[in-house]
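If you count by the working numbering, then the sequence shown holds residues 48 to 171, one letter each, in order. This report refers to the structure that appears directly beneath it.
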Amino acid sequence: MVVRWLMIAALMLLPPSGFAADGKFGGKVVDTPPKEQMVPGWIFIQARNHMLRRVEVAHAVIYRGRQGDRRQRRCNLDCLAVGQEILITAEQDSSGEWHAKRVEILWPGLDRSSRESSGFDNHP
């Protein structure tokens, strides 16, 4: 009986973030909205329902596509561009910000020269 109460007390004392589950969502990479300041390592994703999410991707593992060897598909922030369809696995912090753990590029979108001419740049 005492052990049960100790376990209940321990669970109640744990911070809510200890129970946080990863979220999975997808959408299209879009330009930073005019009223927002561009922050290196952060991108905006627009879902099919037009909901916009800001996601930190600086520490995420980024992959191109789903076929082939993961080591060959792995890339960095330079792979991300406006217009790409991506799938993100992320966790949400206490302030509501999303922090990606994994990013999969599902549809290539724009190439590097198109990205540069569009003004999109997510790193210094």
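Ideal Cβ placement from N, Cα and C applies to all residues, glycine included. Quick caveat: nothing in here was measured; it's all calculated off a predicted structure.
Cβ-Cβ distance between residue i and residue j below 9 Å
i, j, result
"Val108", "Arg121", "yes"
"Val86", "Gln131", "no"
"Ala137", "Gly70", "yes"
CB-CB length for residue i against residue j, believed under 8 Å
i, j, result
"Leu134", "Leu153", "6 Å"
"Glu151", "Arg113", "7 Å"
"Phe91", "Pro80", "7 Å"
Boundaries of the beta strand (DSSP E) in which residue i is found, first to last residue
i, result
"Gly73", "70-77"
"Arg149", "145-154"
"Leu99", "99-103"
"Ala137", "132-139"
"Arg111", "108-111"
"Gln93", "89-93"
8 Å Cβ shell around residue i - same chain, five flanking residues per side excluded
i, result
"Trp89", "Arg101, Val102, Glu103, Val104, Ala105, Asn169"
"Gln139", "Ala67, Gly70, Trp145, His146"
Assigned exposure category for residue i - 16 Cβ within 10 Å defines buried
i, result
"Ala147", "buried"
"Ser161", "Low confidence applies to Ser161: its pLDDT is 41, below 50, so where it sits in the model is not reliable enough to give any reading."
"Asp158", "Interpretation of Asp158 is limited by its pLDDT of 44, a score under 50 that renders its predicted location unreliable; no figure is taken from the coordinates."
Neighbourhood of residue i by C-beta distance below 7 Å, restricted to the same chain and skipping five residues each side
i, result
"Asn123", "Ile109"
"Gln119", "none"
"Asn96", "none"
Neighbourhood of residue i by C-beta, 6 Å cutoff - its chain only, sequence neighbours within 5 removed
i, result
"Ala94", "Gly74"
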